[in-house]
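I have placed the structure first, in the form of structure tokens, so that the comments after it can refer back to it.
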Amino acid sequence: MRIQDSVLDCIAFLYQLDDTPVGTAFIIGVPVDPSEKGKSVFVYLVTAKHVALRIQGKPFTVIVNGKDGERKRINCGKNNKWVYHMTDSSVDAAITSDPFDDASELDIKCLPFLDMVATPEKIQSLGIGIGDAIFSVGLFARYRETIRNWPIVRTGSIAMMPTEKVPIEIEDGKKVDADIYLIEARSVGGISGSPVFVRPTSQAWLATLSREFLILGLMQGHWDLKYYQDLLPTVD
-5 MRIQDSVLDC IAFLYQLDDT PVGTAFIIGV PVDPSEKGKS VFVYLVTAKH
45 VALRIQGKPF TVIVNGKDGE RKRINCGKNN KWVYHMTDSS VDAAITSDPF
95 DDASELDIKC LPFLDMVATP EKIQSLGIGI GDAIFSVGLF ARYRETIRNW
145 PIVRTGSIAM MPTEKVPIEI EDGKKVDADI YLIEARSVGG ISGSPVFVRP
195 TSQAWLATLS REFLILGLMQ GHWDLKYYQD LLPTVD
């Protein structure tokens, strides 16, 4: 499964000012006027809420690639505001406005979010479900002393799409019930906040031929067996 370069170019790495890696973010564009697609867009940076909380109220660095072949550091002040879901605190997502004052020298792209997001309506109409292929793109925290950003791609498939809330662990060990999808894929440190894409395989999707993949969500974390084994009965 070949991943388009445009997907890699939407990825940004988040660091504390002391060069401690925090997580992954991705760049999206939302049309100023939805009726005029392809025109002016608002640009936003998206990550997981538990990632944003680590740098909320503190200076931090966004690292992206430059057109000269080297990665560029954009230092953001402590007043940079992350916005979270206004009515559901269990949603592990955060968004902030465009941190790139001048992107002319940056080798970045923004994902057309309204076109690509897998809304509940699209999931139903296109038959997205268990077994469909997914991939995520993010920071490989153990490999970062490089000239360029080199995002890591993890592949897998949708393993579960529950229609009820599932217990998860979020910031500071807090446990909440949240709307999530479970995917079967390997997890590594640094991919929290990574966009997760799905390649539908239904005939309804193939008939559209509109896009190769959609944004299913973002990476929240991995299933912690040490915690969840206490919730499940023991099977001999």
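Oh and the sequence shown: position 129 is 123 in the numbering used here, straight run, nothing missing. Heads up, the beta-carbon is just placed ideally off N, CA and C, and yes, glycines get one too.
Item	Value
Cβ-Cβ distance between Lys75 and Lys52 below 9 Å	no
C-alpha gap between Ala112 and Leu210, whole angstroms	5 Å
Environment of Ser119 [buried if 16+ CB atoms lie within 10 Å]	exposed
Segment limits, alpha helix (DSSP H) that includes Glu178	Counting along the chain, Glu178 falls outside any alpha helix (DSSP H), though it belongs to the beta strand (DSSP E) covering Leu176 to Glu178.
Validate contact between the region 143 to 158 and the region 1 to 9 using beta carbons, cut 8 Å, 3 pairs	yes
Cβ-based neighbour list, Gln50, same chain, cut-off 6 Å, excluding 5 preceding and 5 following	Trp76
For Lys169, the residue or residues it bridges with in DSSP	Glu163
Alpha-carbon spacing of Val160 relative to Lys61, whole angstroms	43 Å
Buried or exposed (CB count within 10 angstroms, at least 16 for buried), His44	buried
Residue(s) in a DSSP beta bridge with Val56	Leu8 and Ile68
With 16 other Cβ atoms within 10 Å as the buried cut-off, status of Pro189	buried
Where the alpha helix (DSSP H) through Ala46 begins and ends	Lys43 to Ile49
Contact between the region 103 to 112 and the region 9 to 21 (3+ Cβ pairs under 8 Å)	yes
Burial state of Thr81 (16 or more Cβ within 10 Å)	exposed
Which residues DSSP lists as bridging Arg148, in chain order	Ser130
Pick from Thr195, Thr149, Arg193 and Met213 that is closest to Tyr175, judged by C-alpha positions	Met213
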